[in-house]
Amino acid sequence: MNHYFILVATMPDYQVLARKYRPKIFREVFGQDPIVQTLKNAIKKGCTAHAYLFCGSRGTGKTTLARILAKALNCSSLTADTEPCNSCTSCRQIAAGSSLDVLEIDGASNRGIDDIKTIAESVGYCPAHGQWKIYIIDEVHMLTKEAFNALLKTLEEPPANVKFFFATTESHKVPATILSRCQRFNLKRLPLEAISEKLRMIASDMAITIDETALARIATFADGGLRDAESLFDQIIAFSEGSITKEAVQEVLGLIPHELFFDLDQAVASNDIRVAFNIAQKLFLEGKDLHHFLEELHAHFKTILLSKLGSEADPLRKEKYEASNKIYTQEQCLAILEMIAETQSNIKTAISEQIALESLLIKIVRVRLRVPLEHITRKLIQIEQSLIQLKEKPTAEPAKAEVKTHETPPASPQAPPPPAPAPAPRAMEAPPIMHEGRKKAHYDTLVQFASVELDATVQHKQKGK
Ligand SMILES: [Zn+2]
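Residue numbers 112 to 576, in this note's numbering, belong to the letters of the sequence shown in order.
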């Protein structure tokens, strides 16, 4: 996913959406139902663990969930549905970040042994208001080895009224000794629909009209991160006047208009190379991000391939994808995906990004002219068989061979190499007996033929080397 910087500076008291609409109770947490249910049950039964680890990619709600759990555990008037009341002193202090019982520590900036020692020393004091003293350590994987060791000692014998909630994007960096002492929850990246639903809710709350395509685009771009989606939405609201259209979203996000990909498909169908150049030029003139374009192009062909394999196509562009689906074979889709991946890894070292892109697009447009792999395989098997036959047959007496070659008509397969390969090679007849020289020429022709189709080069080696 792309990184971008966002400036929201409309009013001094403006609160960014991600903060304004951050869930305050369990029910408002989107897309993590099994985790929420497990936590609520544990609170209800009074059997919460001493340490929890919330793992998941950024913006999936790890610290939000940890905070709600902290509030619920210390709330003096928990609702019947095990939700924090958000109005008692404890709830309000936790929300304001001023609670003495719930301490939030950023593991990235407090990663040393001294920081953890300070925690270990304060662990012994009783909670000031609530029932529990809770330490929320964000980005816990950033702690140093020594800090982890100090933390481990506390975790091994935690005081009765202390709890640790850890959050991390990289759980593999957390030592196994720590992991084994935590109850672990993996927060999922949110499905498109869950993100769209949350944005729809925000839009309706703010009385903003936004069309469904625009909504879907923001959700797709956020790639499973709700906080990213909300930040993008913030940016688009600041940009748009009145209602939000898909064009505005495209403009703000620098998105590649999807029509370009369908234009490319049509160019493949009609073998129109000009379109390849036009697309490349358009991208460069508009200053689009090439890496993003390649990602989107990859996603486009993946969608076509998956729809050929029976998956449901993108519902927003179902008809267009159905049309594109008919243009390619499965093998061609695979070949294109490979070409894109190759360009993605080579583009950094390319002398000219534009030329690299043009070359990729031309290859895609010409994909249907490629000789199918099975033809090449068949051809190579034939070459192999004919070589075996030549070897097995003892070299015929010169006189007999002479006669045979004379019988062969002039337009025989021994003709000199054709300038270009035929798109679909025909099955080959058994080779007639030939002179050594002619055998070699025939063999060379076949090898050249195969090399052109395989896009390879032929290297001649001296005998005995
Ligand atoms: Zn409360």
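From the three backbone atoms N, C-alpha and C, an ideal C-beta is built for every residue, glycine too. Here the structure is a predicted model, which is why all the values come from computation and not from measurement.
* To do: For Leu128, count neighbouring C-beta atoms within 10 Å of its own C-beta (all shown protein chains included) and say buried if the count is 16 or more, exposed if not.
  => Burial state of Leu128 is buried, judged by a 10 Å Cβ sphere holding 16 or more other Cβ atoms.
* Determine contact between the stretch 254-273 and the stretch 281-297, defined as no fewer than three beta-carbon pairs at a distance below 8 Å. => With the cut-off at 8 Å, the stretch 254-273 and the stretch 281-297 touch.
* Asked: First and last residue of the alpha helix (DSSP H) that includes Asn260?
  -> Run containing Asn260: Lys256 to Glu267, per the alpha helix (DSSP H) assignment.
* To do: Report yes if the CB atom of Ser201 is closer than 8 Å to the CB atom of Ser220, and no otherwise.
  => At the C-beta level, Ser201 and Ser220 stay beyond 8 Å of one another.
* Asked: What runs of the alpha helix (DSSP H), each 4 residues or longer, lie entirely inside the stretch 429-503?
  -> Unbroken alpha helix (DSSP H) runs of no fewer than 4 residues, entirely contained in the stretch 429-503, are found at 429-436, 441-457, 464-476 and 484-503, following chain order.
* To do: Answer yes or no: the CB of Ser187 versus the heavy atoms of ligand 1, is any distance below 7 Å?
  => Yes, Cβ of Ser187 sits closer than 7 Å to a heavy atom of ligand 1.
* Drop a sphere of 10 angstroms on the beta-carbon of Gln195, count the other beta-carbons inside from all chains shown, and report buried for 16 or more, exposed for fewer. => Inspection of the sequence shows that residue 195 is occupied by Pro rather than by Gln. So Pro195 ends up on the buried side.
* Range covered by the alpha helix (DSSP H) that runs through Val127 -> Here Val127 belongs to no alpha helix (DSSP H), and DSSP marks it neither H nor E.
* Asked: How long is the line joining the alpha carbons of Arg311 and Leu326, rounded to whole angstroms?
  -> Roughly 8 Å between the two C-alpha positions.
* Tell me which same chain residues have a C-beta within less than 6 Å of the C-beta of Phe276, skipping the five on either side of it? -> Short of 6 Å from the beta carbon of Phe276, and not among the five residues preceding or following it, lie these beta carbons of its own chain, in chain order: Tyr163, Ala177 and Ile247.
* Asked: Which residue or residues does DSSP assign as beta-bridge partners of Ile295?
  -> Residue identity check: residue 295 is Arg in the sequence provided, not Ile. Leu164.
* To do: With a threshold of 16 other CB atoms inside 10 Å of the CB of Gln126, please say whether the residue is buried or exposed.
  => So Gln126 counts as exposed.
* Name, in chain order, the residues that DSSP records as bridge partners for Glu215. => Note: Glu215 is bridge-paired with Ile247 in the DSSP secondary-structure output.
* For Cys293, count neighbouring C-beta atoms within 10 Å of its own C-beta (all shown protein chains included) and say buried if the count is 16 or more, exposed if not. => Buried, because 16 or more other Cβ atoms sit within 10 Å of the Cβ of Cys293.
* Would the beta-carbon of Pro238 be found less than 7 Å away from any heavy atom of ligand 1? -> No.
* For Ala461, which of Leu401, Gly421, Asn272 and Ser435 has the nearest alpha-carbon? -> Selected option, being the one with the closest Cα: Leu401.
* Comparing alpha-carbon positions, which option in Leu498, Arg477, Lys155 and Glu423 lies nearest Ala380? -> When only C-alpha atoms are compared, the closest one is Arg477.
* Residue range of the beta strand (DSSP E) that Ala278 falls in? -> Counting along the chain, the beta strand (DSSP E) containing Ala278 begins and ends at Val273 to Thr279.
* Asked: Which partner residues of Ile355 appear in the DSSP bridge assignment?
  -> In DSSP, Ile355 forms a bridge with Ile321.
* To do: For the stretch 405-418 and the stretch 366-375, state whether three or more C-beta atom pairs, one from each stretch, are separated by less than 8 Å.
  => Yes: the two stretches touch, three or more of their Cβ pairs being nearer than 8 Å.
* **Arg328 and Val360 closer than 8 Å at C-beta** => Yes, Cβ-Cβ distance for Arg328 and Val360 is below 8 Å.
* Val234: first and last residue of the uninterrupted alpha helix (DSSP H) it sits in -> For Val234, there is no enclosing alpha helix (DSSP H), as DSSP gives it neither H nor E.
* Does DSSP put Pro524 in a helix, a strand or coil? -> For Pro524, the predicted model reports a pLDDT of 42, less than 50, meaning its position is unreliable; a value from the coordinates is still stated below. Here DSSP, grouped into helix, strand and coil, assigns Pro524 to coil.
* Cβ of Asn197 within 7 Å of any heavy atom in ligand 1? -> It does: the Cβ of Asn197 is within 7 Å (strictly closer) of some heavy atom of ligand 1.
* Helix, strand or coil at Thr519 according to DSSP, with G and I counted as helix -> Since pLDDT at Thr519 reaches only 40, below the 50 mark, its modelled position is unreliable, and no value is offered.
* Asked: Between which two residues does the alpha helix (DSSP H) containing Asn221 stretch?
  -> Segment: none, Asn221 is in no alpha helix (DSSP H) and carries neither H nor E.
* Asked: Which residues in the same chain as Cys166 place their Cβ atom closer than 6 Å to its Cβ, once the five residues preceding and following it in sequence are excluded?
  -> Short of 6 Å from the beta carbon of Cys166, and not among the five residues preceding or following it, lie these beta carbons of its own chain, in chain order: Thr279, Ser282 and Asn297.
* Is Cys186 helix, strand or coil when you go by DSSP? -> Assigned with DSSP and collapsed to three states, Cys186 falls in coil, not helix or strand.
* Mind the definition here: the stretch 427-435 touches the stretch 390-397 only if three or more C-beta pairs lie below 8 Å; say whether that holds. => Contact between the stretch 427-435 and the stretch 390-397 is not established, with fewer than three Cβ pairs separated by less than 8 Å.
* Using only the heavy atoms of ligand 1, determine whether one of them is closer than 7 Å to the beta carbon of Ser201. => Between ligand 1 and the CB of Ser201, the shortest heavy atom gap is smaller than 7 Å.
* Count the other CB atoms, across all protein chains shown, that sit within 10 Å of the CB of Arg130; report buried if there are 16 or more and exposed otherwise. => Around the beta carbon of Arg130, fewer than 16 other beta carbons sit within 10 angstroms, so the residue counts as exposed.
* **Beta-carbon proximity of Asn197 to Gly241, cut-off 8 Å** => Going by C-beta atoms, Asn197 is not nearer than 8 Å to Gly241.
* Which value, in whole angstroms, describes the spacing of the CA atoms of Gln500 and Ile451? -> Cα-Cα distance, rounded: 42 Å.
* Asked: What's the C-alpha gap between Ser523 and Ile494?
  -> With a pLDDT of 43 at Ser523, under the threshold of 50, the modelled position of that residue is not reliable, and no figure is offered here.
* Let me know if Gln441 comes out buried or exposed under the rule of 16 or more other beta-carbons within 10 Å of its beta-carbon. => Gln441 is exposed by the Cβ-count criterion.
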